Every structure is written in structure tokens, then in C-alpha cells.
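Written below as C-alpha cells is the structure these notes are about.
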Amino acid sequence: MKIKVACIQMDIAFGQPERNFENAFRWIEEAARSQCRLIVLPELWTTGYDLPRLNEIGDPNGEQLKGFLKKCAKKFNVDIIGGSTAQIKDSKFYNSLFAVDKNGQVVKEYSKLHLFKLMDEHHFLSSGRDHALFNLNGHTFASFICYDIRFPEWLRKHVLQGAEAIFVVAEWPLPRLNHWKTLLVARAIENQCYVVACNRSGDDPKNTFAGHSLIIDPWGEIIAEGSEGEGLIVGEIDMDLVKKVRKQIPVFDDRLSDFY
Ligand SMILES: NC(=O)CCC(=O)C(=O)O
1 MKIKVACIQM DIAFGQPERN FENAFRWIEE AARSQCRLIV LPELWTTGYD LPRLNEIGDP
61 NGEQLKGFLK KCAKKFNVDI IGGSTAQIKD SKFYNSLFAV DKNGQVVKEY SKLHLFKLMD
121 EHHFLSSGRD HALFNLNGHT FASFICYDIR FPEWLRKHVL QGAEAIFVVA EWPLPRLNHW
181 KTLLVARAIE NQCYVVACNR SGDDPKNTFA GHSLIIDPWG EIIAEGSEGE GLIVGEIDMD
241 LVKKVRKQIP VFDDRLSDFY
């Protein structure tokens, strides 16, 4: 089965959810017009890293983002991995991802496990406790948030439980572009699965972001890559290729799990 996917590599208006919802809607409309059936948004795209103002601009129980995603999914008949939002839950803040299918059903909620100290997340956010696995149209996928990709064991755990594609939503800064690309290609090769990684573009008061969203096949080939600016990064993922690569080099049969 082949799926045309789009990463929405958008700029984010700092601390201005309304502007970001308008911008995201335009991009989703354009992706749907380009026949993309699965759409991915970046990390914390509703607010950016305006963490000190989350009391004011955070999303209570993620309802604002979920409502938006459900509406877009049904209107455009697309599945959406809706990036993440600063969710307010039980008086705490989480960096939470929601995925919604084309019928408007929420199929996944995942809150970022590894908080990134360099961007002050640990001062404002709580770490999630969910796994990242979900089912979409008969396929098992897993979705992670930015810094999570530096923890190969966390991603591997999900692949061992059946993930055929890994989705990553990010706000990854430009000075570490080399890490972004290298880590993502490595995650695709070692796990023999697709990696679809959506980064933001633009600046906030502290960072310039890298863009360079990537779609990488299970052989580690980059099939689509963004520039630094805003744009749609589009590619086709072929779930049969995952099986073929895993057959050609049977890493999962050859693992010696008694040793590690
Ligand atoms: N938003 C993030 O988690 C950024 C992670 C990052 O930049 C890194 O180098 O890791």
C-alpha cells in the first residue's frame, strides 16, 4: 500500500495561536489539494516555545487542537498527525501530540517523554508517560517529538512492537542540522522503516530553526527534503518496501536479544 504524505514545514507566530491555526489551515488545504492523504504538522506549532505564557495560551486538555484537527480531517478527507500543542491537563503542562484519522477520530495522544533542557522544557513542562504506538488504516505507526530521536532505544522499542513507520514532529534549531539529518537517517536504517520528520522553519526570540523536514525510506534514502523556508514536503511511502528491506537484511531475525 502506497500513501502520499506531506510535512507542513510552517513558520510559527510566537505565542499567537490564532495566527498559527489560520496558517496551518491554509497549508492543510494545499496539501489535500495536492492529493496528500496523510499530513504531518510540527512540534508546539500552536504557540511556539512561548513557555512562560502557557497559563494564558496553553490548550486545556488539547481540546482546541483536537477540534481543529477533527474539522480539517473530515473536511479534506485526510489523516493528520497533528504535531504537538502545549496541553494543560490536571494543572500541569505537557508537549502533546494528537493524531486524527479521516473520520475525525482521535487515534493517538502522545506526550513528549524526553524534555529538552537546552530549550527550558524542564522548567515548564511535565514528561509524558504514554507509549507512542498507534494504528492507522491497518498499519502500525509510532510518533515521537523532537529530542526523543536522540534515544534510539525508545524508538526501537516501538519498532519491536510492530511500527512500520516513524513520524517525528519537531522544532529543531539550525546549528544542529547535521545531528537532525544524521540521527533521522540512522533511525530509518537501523529500524528498516520509513521516517517522516516534520520540522518548523523561521525564528523565535532565541533560535533560528532548521527546516529540512525529511521523508526517508527503510533503506535510508532521503526521498524528500525541505529547504530552510516554509513549504510542503511531499513524498510517497510504500509499506511493501518495509517488508522487502527487512527480508533482504533480516536484522529483526538476527538480533540476539539474550545479549542486549
Ligand atoms: N525541541 C526539541 O526537542 C529540540 C531538540 C534539539 O534541538 C536537539 O538537539 O536534540
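Each residue of the sequence shown is one higher than the one before, starting from 1 at the first, in the UniProt record's numbering. Positions of the beta carbon are idealized from the N, C-alpha and C atoms, including for glycine. Remember, it's a predicted structure, so these values are computed and weren't measured experimentally.
In this structure, the C-beta of Glu121 approaches ligand 1 to less than 8 Å from one of its heavy atoms.
Look at Leu118: its beta carbon is less than 8 Å from one of the heavy atoms in ligand 1. Relative to ligand 1, Glu43 has its C-beta within less than 8 Å of a heavy atom. Counting only the Cα atoms, Ala197 lies some 10 Å from Ala224. Shown here for Trp172: same chain residues with a beta carbon closer than 7 Å to its own, the five before and five after excluded, namely Cys146, Trp180, Asn199, Phe209, Ala210 in chain order. Annotation for Asn191: no beta strand (DSSP E) segment contains it, though the alpha helix (DSSP H) segment containing it runs 177–191. No residue range can be given for Gly138, since it is assigned to no alpha helix (DSSP H) and is classified by DSSP as neither H nor E. Under DSSP, Glu225 forms a beta bridge with Leu214. Distances from the CA of Gly83 to each of Asp90, Lys92, Lys89, Tyr110 were compared; the closest alpha carbon is that of Tyr110.
The beta carbon of Ile145 sits closer than 8 Å to at least one heavy atom of ligand 1. Relative to ligand 1, the beta carbon of Ala197 is positioned no closer than 8 Å to any heavy atom. Sequence-distant Cβ neighbours of Asp238 in its own chain, meaning closer than 6 Å and more than five residues away, are Lys2.
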